[in-house]
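Participant: Attaching a single structure in C-alpha cells format; questions to follow.
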Amino acid sequence: MAQLDCNSDMLAVQWDASANNPDSYTALAIGTDGTQLSCSTSSTSCTIQNLRCGQTYSIAVITSNINCGVIEGSDYQIETAPCQPQSPTVQLECSTNIATVIWDNNGADQFDVVTALNFTGGATVCNSTNRSCTFAQLDCGESYLLSVVGFNGNCTSEPSESFNLNTAPCMPTFVVATTNCDSITTVSWDSARGASSYTVYAVSTWGSNSTCTNTDTTCSFPDLDCGQNYTITVTAEDDNCVSLTSAPITVTTVPCPHSDLQATLDCSTDSALISWTPGRGNLIYNASAEGFDVNHQVSCSTPGSTCNVTNLHCGSRYQVTVSGEGLTCSDTSDEWIALETAPCPPTQVSIQSSCDSDTVSVSWQTSQGSVSYMAVAESSGGHRATCNTSNLACDITHLQCGQTYQIYVSGVDGDCIGSRSEVRILETAPCVPQNVQTILECQATVLDITWQQSGQAHHYHSTVRSSDGQVLGCDSNTTFCQVPNILCGLTYSVTVVAYSQTCNSSQSSVQHVTSGTHIYIYKIKYLVFQYLVVSNISFLHSLAPCPPDVIFAVLDCDLNTVSVSWDSSVDGVLYIAQAFYSNNNNDYYMCNTTETSCDITVTCGMDYNVSVVPLRDGCTGENSPVQNVTAAPCVPLMLDVEMDCLSDSAWLTWEESAGAELYIATATDSDGFEYQCNSTEGQCTVEQLQCGRFYIFSVFASNSQCDSPMSSTLQTETGKRLRL
Numbered sequence: 001m002a003q004l005d006c007n008s009d010m011l012a013v014q015w016d017a018s019a020n021n022p023d024s025y026t027a028l029a030i031g032t033d034g035t036q037l038s039c040s041t042s043s044t045s046c047t048i049q050n051l052r053c054g055q056t057y058s059i060a061v062i063t064s065n066i067n068c069g070v071i072e073g074s075d076y077q078i079e080t081a082p083c084q085p086q087s088p089t090v091q092l093e094c095s096t097n098i099a100t101v102i103w104d105n106n107g108a109d110q111f112d113v114v115t116a117l118n119f120t121g122g123a124t125v126c127n128s129t130n131r132s133c134t135f136a137q138l139d140c141g142e143s144y145l146l147s148v149v150g151f152n153g154n155c156t157s158e159p160s161e162s163f164n165l166n167t168a169p170c171m172p173t174f175v176v177a178t179t180n181c182d183s184i185t186t187v188s189w190d191s192a193r194g195a196s197s198y199t200v201y202a203v204s205t206w207g208s209n210s211t212c213t214n215t216d217t218t219c220s221f222p223d224l225d226c227g228q229n230y231t232i233t234v235t236a237e238d239d240n241c242v243s244l245t246s247a248p249i250t251v252t253t254v255p256c257p258h259s260d261l262q263a264t265l266d267c268s269t270d271s272a273l274i275s276w277t278p279g280r281g282n283l284i285y286n287a288s289a290e291g292f293d294v295n296h297q298v299s300c301s302t303p304g305s306t307c308n309v310t311n312l313h314c315g316s317r318y319q320v321t322v323s324g325e326g327l328t329c330s331d332t333s334d335e336w337i338a339l340e341t342a343p344c345p346p347t348q349v350s351i352q353s354s355c356d357s358d359t360v361s362v363s364w365q366t367s368q369g370s371v372s373y374m375a376v377a378e379s380s381g382g383h384r385a386t387c388n389t390s391n392l393a394c395d396i397t398h399l400q401c402g403q404t405y406q407i408y409v410s411g412v413d414g415d416c417i418g419s420r421s422e423v424r425i426l427e428t429a430p431c432v433p434q435n436v437q438t439i440l441e442c443q444a445t446v447l448d449i450t451w452q453q454s455g456q457a458h459h460y461h462s463t464v465r466s467s468d469g470q471v472l473g474c475d476s477n478t479t480f481c482q483v484p485n486i487l488c489g490l491t492y493s494v495t496v497v498a499y500s501q502t503c504n505s506s507q508s509s510v511q512h513v514t515s516g517t518h519i520y521i522y523k524i525k526y527l528v529f530q531y532l533v534v535s536n537i538s539f540l541h542s543l544a545p546c547p548p549d550v551i552f553a554v555l556d557c558d559l560n561t562v563s564v565s566w567d568s569s570v571d572g573v574l575y576i577a578q579a580f581y582s583n584n585n586n587d588y589y590m591c592n593t594t595e596t597s598c599d600i601t602v603t604c605g606m607d608y609n610v611s612v613v614p615l616r617d618g619c620t621g622e623n624s625p626v627q628n629v630t631a632a633p634c635v636p637l638m639l640d641v642e643m644d645c646l647s648d649s650a651w652l653t654w655e656e657s658a659g660a661e662l663y664i665a666t667a668t669d670s671d672g673f674e675y676q677c678n679s680t681e682g683q684c685t686v687e688q689l690q691c692g693r694f695y696i697f698s699v700f701a702s703n704s705q706c707d708s709p710m711s712s713t714l715q716t717e718t719g720k721r722l723r724l
C-alpha cells in the first residue's frame with residue numbers, strides 16, 4: 001500500500017515481505033511525465049520523496065534478485081497533491097463587470113477553484129480545468145480579494161497568492177440639474193459605489209458641449225450657452241474604469257437677452273409697435289411703456305418679436321422696455337428707449353362758410369404736444385383739402401361744389417400727425433346743373449328736361465318761360481322732370497337750379513326750344529377702360545306744327561267739291577285737308593297743299609267732317625277745328641211713268657237717292673211748258689196734263705244746300721211709254 005502526504009510531497013510505501021527473502025527492496029514511482037523517483041530498503045517500507053505536484057504516479061516494488069521480480073500486488077497508481085496556482089492575473093471588462101482570472105499550474109492539468117471575497121465576506125467562486133476562469137455577475141463598485149486553489153479528490157493545493165479586483169463604479173443615479181438666473185447650472189446626483197471621481201457631460205441641441213469633473217457629487221457649469229436645452233449625463237470613474245452613463249436629463253439654460261429694441265409710433269391711433277431681435281430660450285415677451293410725465297403704464301405680451309401697446313396718452317413721453325421669460329428665468333437685458341406720443345386732438349372745433357364761396361374757415365383750441373396744426377376737409381367723393389398753421393385757425397380753400405365734407409383738425413409734431421378732433425360736417429352749395437337737354441316729342445304737350453349733375457343735390461327746380469310770357473316749372477329729386485301744357489308755336493327758355501338743405505346753385509345755362517323747330521335731344525354715355533366718356537350724338541327731331549285756328553269749307557254743288565281754306569301757312573309745313581264720312585272715320589277724301597287752300601272732291605249724298613292736319617318731316621300736328629259739310633244729293637234713277645188720261649195726270653216713280661231731302665219731278669211738253677210735283681219719297685203725281693201730247697219726264701233731288709243734277713228722262717205719249 002502507499003500513503004501520500006498532501007503537504008510534503010512524500011509517499012510512504014509499505015508492502016509484505018517477499019518469500020525468497022531478498023536482500024533489499026526498491027520502491028519505484030514513475031510519473032506520467034516520465035520521471036522516476038525511488039527509495040530502497042531492506043525492510044518492507046520506505047518513503048519516496050520529492051514527488052512532483054499534480055502528477056499521477058505508478059508505484060511498484062521490486063526485489064534485489066537478479067530476475068528483478070516485482071512483488072505481487074505492488075503495481076499501484078496514486079495522484080499527488082495539486083500544484084499551487086502561480087502568477088494569477090485578472091482582466092476586467094469595465095462596461096459589463098465581467099472579470100477573467102488567468103494563472104499557471106506549472107504544466108499540471110488540474111481542477112482549480114477561484115474564490116472572490118467581497119468586503120463583507122461574501123464569496124463568489126469559479127471552477128476551471130484550463131487555468132482560467134470568468135466571473136460574469138460581479139457587483140459594480142465592489143473590491144474583491146481573489147485566490148486560486150488546486151483541488152482533486154484527496155488533496156488541496158496551497159492557495160495562490162491573493163490579489164485584489166475592483167469592479168467598475170456603479171452608474172450615478174438621481175441626477176438633478178438646476179439653473180439659477182445668474183447663468184450657472186448646477187448638477188447633483190447620488191454617490192455611486194466604487195467611484196473615486198465623476199464627470200458630468202452637457203450637450204446642447206445646437207451641438208455645443210461642456211464637461212465638469214469633481215470628486216464630490218455636485219458640479220457647476222458657469223459658462224453654458226444661454227437659451228439652450230442641454231442633455232445632462234454623469235459617469236463615475238475609478239483608477240481603471242468608467243461606469244455606465246446615467247439616465248439623461250434635460251436642463252434649459254437662462255434665456256439669451258434680446259437686442260435692437262425699437263418702437264414705431266402710429267400717430268393716428270395712439271398706439272406703438274414695439275419690436276426687438278429675440279433672444280434664444282425666451283418663451284414669451286412682455287413689452288411695457290411707462291410714462292415719464294404721466295402716471296400711466298400699458299403693456300402687451302407675445303411669443304414673437306413684435307407687439308402693439310395701445311391706449312397711449314397723447315402728448316406724453318414713455319419709457320419702453322421689453323423683458324423675456326424663459327422656462328425658469330427672465331432674460332437679463334436692461335435696454336430701454338424713450339417714446340414720445342402723438343399730439344392730442346384739438347378741441348372746440350368750429351367752422352364757418354357761405355353758399356357762394358369755396359372756402360371754409362376752421363378754428364380750434366390748443367392741444368397738448370402740438371407744435372403746429374393741420375385742418376382737413378374730406379369729401380364723400382374722395383376730395384381732400386387741407387390747411388396748415390401754427391396758429392389756432394386757418395382757411396381751407398378750393399372746396400368742390402355738391403360735396404359733403406368731414407372737417408377735423410389734428411395736432412402735428414414733426415412727422416407725427418395726431419388723432420382727429422371731433423368732426424364737423426359741411427355741405428357745400430350744389431354744383432350748377434350741366435348739359436341741360438329738352439325733349440319734346442311729336443304732338444307732345446309735355447316737355448321733358450334732363451341734365452347732368454356733379455356732386456350731391458337734395459332736389460332741383462326747372463323753370464320754363466314761354467315767348468308769350470307764361471312761366472312754367474317742375475320740381476324733382478332726380479335729374480329729370482316734365483313740364484306739361486306746352487303749346488305749339490312758342491319759344492321756351494329752360495333753366496335748372498340745384499338745391500341742398502341750406503344752399504342753391506346758380507342757374508344753369510339757358511336752353512331754348514321752339515315748338516315746331518328742330519332740336520338736339522340725346523346724350524349718350526359709355527364706359528371705356530374705366531374712364532367715363534361723354535359724347536354728344538345729335539338726332540334731328542321735328543316738333544308737330546300748329547294746326548290752323550279756323551278753317552272754311554265751301555261746297556261747289558255743281559262739281560260736288562269742297563273748297564277748304566285757312567288764314568295762313570308756315571314754311572315747310574304740308575297741310576292735309578280731310579273729309580271724313582260723318583258715320584265712318586276710316587273712310588275719307590283728302591287734298592294737300594303747302595298753301596292756304598285746296599279742293600276735295602267728295603261723293604254725293606254724304607255728310608262730311610272736314611278738318612286740316614299740319615305735317616312736317618313725318619310729324620303730324622293736331623287736327624284743326626272741324627267743319628261739317630253735306631254734299632249735294634245724288635241723282636235719282638227714274639223708274640216709270642204711268643199716264644192717266646181720265647184725270648190728265650201722270651204717276652212717276654224713281655229710286656230714292658242718297659242725301660235727298662226733297663224730290664222734284666218735272667213734265668215738259670213740246671212747247672216747253674213744265675208741270676211739276678214734289679215728294680219726299682220715291683213717287684209723285686203730275687197733274688193737269690193734256691191727253692194726246694208728248695211729255696218728257698225727269699226728276700232731281702234737293703237738300704238744304706244743293707240740288708242734284710237732273711235724272712235721266714222718260715218720254716210718254718198718251719197710253720204709250722218710250723225711253724230715250
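Residue numbers (full-length UniProt numbering): 1 to 724. Even glycine gets a Cβ: it sits at the ideal position worked out from N, Cα and C.
Under the DSSP definition of a beta bridge, which residues are partnered with Q137?
Facilitator: In the sequence shown, the residue the question calls residue 137 occupies position 137. DSSP, once it has assigned bridges, lists no residue as partnering Q137.
Participant: Check T478 in the structure and name its three-state DSSP category.
Facilitator: Here residue 478 corresponds to residue number 478 of the sequence shown, with the count starting at 1. It is coil, neither helix nor strand.
Participant: Count the other CB atoms within 10 Å of the CB of L165; is the residue buried (16 or more) or exposed (fewer)?
Facilitator: Taking the sequence shown and counting its residues from 1, the one referred to as residue 165 is at position 165. The residue is buried, with at least 16 neighbouring Cβ atoms inside 10 Å.
Participant: Give me whichever residues DSSP pairs with M643 in a beta bridge.
Facilitator: Taking the sequence shown and counting its residues from 1, the one referred to as residue 643 is at position 643. A650.
Participant: What is the rounded straight-line gap between the Cα of S45 and the Cα of N240?
Facilitator: Residue numbering aside, residue 45 sits at position 45 when the sequence shown is read from its first letter. Residue numbering aside, residue 240 sits at position 240 when the sequence shown is read from its first letter. Between S45 and N240, the C-alpha separation is close to 58 Å.
Participant: Between M374 and S410, how many whole angstroms is the CB-CB distance? I'm expecting something under 8 Å.
Facilitator: What you label residue 374 is simply residue 374 of the sequence shown in a count that begins at 1. What you label residue 410 is simply residue 410 of the sequence shown in a count that begins at 1. Contact flag correct, Cβ pair sits at about 5 Å.
Participant: Which residue spans inside the segment 406 to 434 form an unbroken beta strand (DSSP E) run of at least 3?
Facilitator: For the segment 406 to 434, whole beta strand (DSSP E) runs of length 3 or above, ordered along the chain, are 424 to 427.
Participant: Are the segment 153 to 172 and the segment 3 to 11 touching by the rule of at least three beta carbon pairs closer than 8 Å?
Facilitator: Result yes; three or more Cβ-Cβ pairs closer than 8 Å.
Participant: Whose C-beta lies closer than 6 Å to the C-beta of L527 among residues of the same chain, with five residues either side of it excluded?
Facilitator: Within the sequence shown, the letter at position 527 stands for residue 527. Low per-residue confidence applies at L527: pLDDT is 29, beneath 50, and the placement is therefore not dependable, though the value from the model is reported in the following sentence. Excluding sequence neighbours, L527 sits near nothing in its chain.
Participant: Where does D567 fall in DSSP's three states?
Facilitator: Working through the sequence shown from its first residue, we reach residue 567 at position 567. In the structure shown, D567 sits in coil (DSSP, three-state: anything other than H, G, I, E or B).
Participant: Let me check one thing: in DSSP terms, what residues is I78 bridge-paired to?
Facilitator: Within the sequence shown, numbered from 1, the residue matching residue 78 stands at position 78. Answer is Y57, bridged to I78.
Participant: In three-state terms, what does DSSP make of V626?
Facilitator: In the sequence shown, residue 626 corresponds to position 626, counting from 1. Coil.
Participant: In angstroms, rounded to a whole number, what distance separates the CA positions of G107 and T89?
Facilitator: Along the sequence shown, one-based indexing puts residue 107 at 107. Along the sequence shown, one-based indexing puts residue 89 at 89. Cα to Cα, the separation comes out at about 17 Å.
Participant: When the Cα atoms are used, what is the spatial distance from T517 to D599?
Facilitator: The residue you call residue 517 lines up with position 517 of the sequence shown. The residue you call residue 599 lines up with position 599 of the sequence shown. Confidence is the limiting factor: at T517 the pLDDT is only 42, short of 50, which leaves the residue's position unreliable, though a coordinate-based value still follows. Going from the Cα of T517 to the Cα of D599 covers about 29 Å.
Participant: Keeping to the same chain, check which residues put their C-beta closer than 7 Å to that of Q14; ignore five residues upstream and five downstream.
Facilitator: The residue given as residue 14 occupies position 14 in the sequence shown. Correct list, in chain order: M1, T44, S45.
Participant: Measuring CB to CB, does S275 end up less than 9 Å from A342?
Facilitator: Taking the sequence shown and counting its residues from 1, the one referred to as residue 275 is at position 275. Taking the sequence shown and counting its residues from 1, the one referred to as residue 342 is at position 342. No, the pair does not count as a contact, with Cβ atoms beyond the cut-off.
Participant: Measuring only between beta-carbons, confirm whether Q470 sits less than 9 Å from chain D.
Facilitator: Among the protein chains of the structure shown there is no chain D, as only one such chain exists.
Participant: For D468 and V483, I'd like the C-alpha separation in whole angstroms.
Facilitator: Taking the first residue of the sequence shown as 1, we reach residue 468 at position 468. Taking the first residue of the sequence shown as 1, we reach residue 483 at position 483. Roughly 16 Å separates the two Cα atoms.
Participant: Sorted by chain position, which residues of the same chain lie with C-beta nearer than 6 Å to S220's C-beta, five sequence neighbours on each side aside?
Facilitator: The residue you call residue 220 lines up with position 220 of the sequence shown. Excluding positions up to five away in sequence, the list reads I184, T186.
Participant: Let me know if W206 comes out buried or exposed under the rule of 16 or more other beta-carbons within 10 Å of its beta-carbon.
Facilitator: Here residue 206 refers to the residue found at position 206 when the sequence shown is read from its first residue. Exposed, because fewer than 16 other Cβ atoms sit within 10 Å of the Cβ of W206.
Participant: Quick check on the DSSP output: the beta strand (DSSP E) that includes T716 runs from which residue to which?
Facilitator: Numbered from its first residue, the sequence shown carries residue 716 at position 716. Run containing T716: 714 to 717, per the beta strand (DSSP E) assignment.
Participant: Please report how far the alpha carbon of S508 lies from the alpha carbon of Q456, in whole angstroms.
Facilitator: As a position in the sequence shown, residue 508 is number 508, starting the count at 1. As a position in the sequence shown, residue 456 is number 456, starting the count at 1. Going from the Cα of S508 to the Cα of Q456 covers about 16 Å.
Participant: In terms of residue numbering, what span does the beta strand (DSSP E) encompassing M374 cover?
Facilitator: As a position in the sequence shown, residue 374 is number 374, starting the count at 1. Residues 372 to 379.
Participant: Check each candidate in N308, C401, S712, Q453 and name the one with the smallest Cα separation from T502.
Facilitator: Position 502 of the sequence shown holds residue 502. Minimum Cα distance to T502 is reached at C401.
Participant: Hey, would you say Q688 sits closer than 9 Å to S649, going by beta carbons?
Facilitator: In the sequence shown, the residue the question calls residue 688 occupies position 688. In the sequence shown, the residue the question calls residue 649 occupies position 649. In this structure, S649 lies closer than 9 Å to Q688 by Cβ.
Participant: Contact check, A202 vs S210 under 8 Å by CB: the rounded distance?
Facilitator: To locate residue 202, count along the sequence shown from 1; it is residue 202. To locate residue 210, count along the sequence shown from 1; it is residue 210. About 5 Å separates the two Cβ atoms, so the contact holds.
Participant: Should G382 go down as buried or exposed, given a rule of 16 or more other Cβ atoms within 10 Å for buried?
Facilitator: For the purposes of this step, residue 382 is identified with residue 382 of the sequence shown, where counting begins at 1. Exposed, because fewer than 16 other Cβ atoms sit within 10 Å of the Cβ of G382.
Participant: Which class does D112 belong to by DSSP, given the choice of helix, strand or coil?
Facilitator: Position 112 of the sequence shown, counting from 1, holds the residue named residue 112. In the structure shown, D112 sits in a strand (DSSP, three-state: E or B).
Participant: For A429 versus I407, is the C-beta spacing smaller than 9 Å?
Facilitator: The count along the sequence shown starts at 1 and reaches residue 429 at position 429. The count along the sequence shown starts at 1 and reaches residue 407 at position 407. No; because the gap between Cβ atoms is not below 9 Å, this pair is not in contact.
Participant: Taking all protein chains shown into account, do 16 or more other C-beta atoms lie within 10 angstroms of the C-beta of D16, making it buried, or fewer, making it exposed?
Facilitator: If you number the sequence shown from 1, residue 16 lands on position 16. Burial call: exposed.
Participant: Got a sec: does the ligand NAD put a non-hydrogen atom nearer than 8 Å to the Cβ of Y198?
Facilitator: Absence of the ligand NAD from the depicted structure is noted, as is the absence of any ligand whatsoever, leaving it without description.
Participant: Less than 9 Å separating the beta-carbons of V610 and E622?
Facilitator: Here residue 610 refers to the residue found at position 610 of the sequence shown. Here residue 622 refers to the residue found at position 622 of the sequence shown. Cβ atoms of V610 and E622: not closer than 9 Å.
Participant: Just how far apart, CA to CA, sit C181 and D223?
Facilitator: Residue numbering aside, residue 181 sits at position 181 when the sequence shown is read from its first letter. Residue numbering aside, residue 223 sits at position 223 when the sequence shown is read from its first letter. Roughly 13 Å separates the two Cα atoms.
Participant: If you draw a straight line from the alpha carbon of G618 to that of Q434, how long is it in whole angstroms?
Facilitator: The residue you call residue 618 lines up with position 618 of the sequence shown. The residue you call residue 434 lines up with position 434 of the sequence shown. Each residue's alpha carbon lies about 31 Å from the other.
Participant: Answer yes if the segment 678 to 687 comes into contact with the segment 600 to 609, meaning at least three C-beta pairs across the two stretches below 8 Å, and no otherwise.
Facilitator: Result no; under three Cβ-Cβ pairs closer than 8 Å.
Participant: Which term fits T438, buried or exposed, when burial requires 16 or more other beta carbons within 10 angstroms of its beta carbon?
Facilitator: As a first step, residue 438 must be located in the sequence shown, where it is residue number 438. T438 comes out buried.
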